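Trainee: Counting with our numbering, you get residues 699 to 1090 for the letters of the sequence shown.
Beta carbons are placed, not taken as given, at the ideal position from N, Cα and C, and that holds for glycine.
Just so you know, these numbers come straight off a predicted model, no measurement behind them.
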Amino acid sequence: MISKLPRLYLVFTLRTFIPRRIGAFTISRNSMTVQKLTAMEEALPLARTALDEMGEDGSFKRREASWRNWVSSADDAKFPPEKDRYHLYVAYACPWAHRTMITRAIKGLQDVISVTIVMPVWQRTKPNDPSDHHTGWTFADPDSKPFANSIGLGGPFSPTYPENAPDHFLHAKNIREVYEKVGDKDGKYTVPVLFDKKLRTIVSNESSEIIQMLNSEFNDFASFPEVDLAPDHLQESMDEVDSWIYPSINNGVYRCGFAKSQQAYDKAIEDLTSAFDRVEEILSKQRFITGDTFTLSDIRLFVTLLRFDEVYVVYFKTNTRAVANSTVLLNYCREIYQMNGVASTVNMAQIKEHYYCSHPDLNKFSIIPKGTDFENLLNEPHDRDRFFGPQV
Ligand SMILES: N[C@@H](CCC(=O)N[C@@H](CS)C(=O)NCC(=O)O)C(=O)O
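Written as structure tokens, this is what we have:
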């Protein structure tokens, strides 16, 4: 049956569980996507990181998340909203995970959905298996010793920080083990993970969907149920801005940083630069990205702008622009940073430690550039009150 499928990328609906690989195809079960593997991908072990996701032209091609269930208050829902049933595994460093932490804070769900924050620097996930070179997110381990990067250089990095915790629930050593304990067959061990403590399984590992669930499905328990970050009347505008901000800015910085050909980088930086200018232009005329209301689309944009100057400009070579050079974008970031609970979700030290120290291919000795303390700029008063509109 598979041999009759068209040769390139295919999308079709699968209702039943299907193993990860059939011939030259990979099937991610819950996203229901079938993709033809490149020869390079076929040679790779099952466990893989984003750095392995390359097109034949050297461009970064992010694979879709594989766990795509929804928390829902529908009568027959498998995952109904409940207090203290769901858990988030996140990293301070990860912009996609950061979306979920900000949404949780702004809705006031801290007492409803528990969180574990993984350690910033990726480590070997099967250190006792010489044939397994996968590196990924690990939990804090107070009994472990300081370590170097995955090729034995840089550091020493601490195996524990006060903000990070061991996995008290599943007792996994790393995020890969969480996926393995629930029978994952996809082999990409990403955060954020929305975990169901009752059914002991992953609900979703797709941040764009988790933030929608946090916004709308937990209002019976939220401290701020009246805050709607995705009002119906703005849905179309949100989809429109997300549709170009995601590929050119959110994922655009990764397309720049993970490019393995000049041509791929040139295309990515051109897209990023023009989208950055477009965002600046929009926000010079209105308070938020879809108008006068703060929405999930602002959260999605903010997490990339927050990391832009300290990380992406240097590490991902996105040096055509800087947020600190834009009065408009700096003030936009200030306003969001100063919203209820948002600053407590930001840990710039861990953001920098993660990026600069987790990919020895890009920074062999894991040197962390000093930077100019971008986060401190965000404590200054903002000027966004010049636009009318409700504040969160
Ligand atoms: N589509 C996912 C992407 C998540 C993602 O790529 N997370 C990165 C951290 S920023 C990760 O965990 N990467 C692990 C890896 O590449 O192995 C989402 O938005 O939730």
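What I want to know is whether the C-beta of ASN903 ends up closer than 7 Å to one or more non-hydrogen atoms of ligand 1.
Mentor: In the sequence shown, residue 903 corresponds to position 205, counting from 1. ASN903 Cβ: within cutoff of ligand 1.
Trainee: Give every residue of the same chain whose Cβ lies closer than 7 Å to the Cβ of ALA1041, excluding the five residues on either side of it in the sequence, and list them in chain order.
Mentor: One-based indexing of the sequence shown puts residue 1041 at position 343. Excluding positions up to five away in sequence, the list reads TYR1035.
Trainee: From the DSSP output, read off the bridge partner residues of VAL891.
Mentor: Locating residue 891 in the sequence shown gives position 193, where the first residue counts as 1. In the DSSP output, where bridge partners are listed per residue, VAL891 has TYR787.
Trainee: Helix, strand or coil: how does DSSP classify ILE1065 here?
Mentor: On the sequence shown, residue 1065 is found 367 positions in, with the first residue counted as 1. ILE1065 falls in the coil class under three-state DSSP.
Trainee: Measure the C-alpha to C-alpha separation of TRP835 and VAL810 and round it to an integer number of angstroms.
Mentor: Taking the sequence shown and counting its residues from 1, one reaches residue 835 at position 137. Taking the sequence shown and counting its residues from 1, one reaches residue 810 at position 112. Their backbone Cα atoms lie some 24 Å apart in a straight line.
Trainee: Can we count SER906 as close to ligand 1, meaning its CB is less than 7 Å from some heavy atom?
Mentor: Taking the first residue of the sequence shown as position 1, residue 906 is located at position 208. Yes, since a heavy atom of ligand 1 falls inside the 7 Å radius drawn around the Cβ of SER906.
Trainee: Looking only at its own chain, which residues have a Cβ that is under 7 Å from the Cβ of THR1002, when we skip the five neighbours before and after it?
Mentor: The count along the sequence shown starts at 1 and reaches residue 1002 at position 304. Counting only Cβ-Cβ distances below 7 Å, and skipping sequence neighbours, we find PRO793, ILE947, ASN948, VAL951.
Trainee: To which residues of the same chain is PRO825 closer than 6 Å at the C-beta, ignoring the five residues directly before and after it?
Mentor: Position 127 of the sequence shown holds residue 825. Within the same chain, PRO825 has no close Cβ partners at all.
Trainee: Going by other Cβ atoms of all chains shown within 10 Å of its Cβ, with 16 needed for buried, is ASP1007 buried or exposed?
Mentor: As a first step, residue 1007 must be located in the sequence shown, where it is residue number 309. Per the 10 Å Cβ criterion, buried.
Trainee: Report yes if the C-beta distance between THR993 and LEU927 is below 8 Å; otherwise report no.
Mentor: As a first step, residue 993 must be located in the sequence shown, where it is residue number 295. As a first step, residue 927 must be located in the sequence shown, where it is residue number 229. Yes, the pair counts as a contact, with Cβ atoms nearer than the cut-off.
Trainee: Where does LEU897 land, buried or exposed, given buried means 16+ other C-beta within 10 angstroms?
Mentor: Counting from one through the sequence shown, the residue named residue 897 turns up at place 199. It counts as exposed.
Trainee: From the DSSP output, in three-state form, read off PRO1079 for me.
Mentor: Here residue 1079 refers to the residue found at position 381 of the sequence shown. Correct three-state label for PRO1079: coil.
Trainee: Excluding five sequence neighbours on each side, which residues of the same chain lie with their C-beta closer than 6 Å to the C-beta of HIS785?
Mentor: Here residue 785 corresponds to residue number 87 of the sequence shown, with the count starting at 1. Within the same chain, HIS785 has close Cβ partners SER812, PHE893, LYS895.
Trainee: Quick check on the DSSP output: what are the complete alpha helix (DSSP H) runs of length 4 or more inside the segment 805-890, in order along the chain?
Mentor: List check, alpha helix (DSSP H) in window: 873-879.
Trainee: Can you tell me which of the three DSSP states PRO1058 falls into?
Mentor: Position 360 of the sequence shown, counted from the first residue, corresponds to residue 1058. Coil at PRO1058, not helix or strand.
Trainee: If I measure Cβ to Cβ from ASN917 and keep anything under 7 Å in the same chain, skipping five residues before and after, which residues do I get?
Mentor: As a first step, residue 917 is located in the sequence shown; it is residue number 219 there, counting from the start. Contacts found: PRO923.
Trainee: Does DSSP classify ARG1084 as helix, strand or coil?
Mentor: By 1-based counting over the sequence shown, the position of residue 1084 is 386. ARG1084 falls in the helix class under three-state DSSP.
Trainee: So for LEU967, helix, strand or coil by DSSP?
Mentor: In the sequence shown, the residue the question calls residue 967 occupies position 269. In the sequence on display, residue 967 carries Ile and not Leu. In this structure, ILE967 counts as helix in the three-state DSSP scheme.
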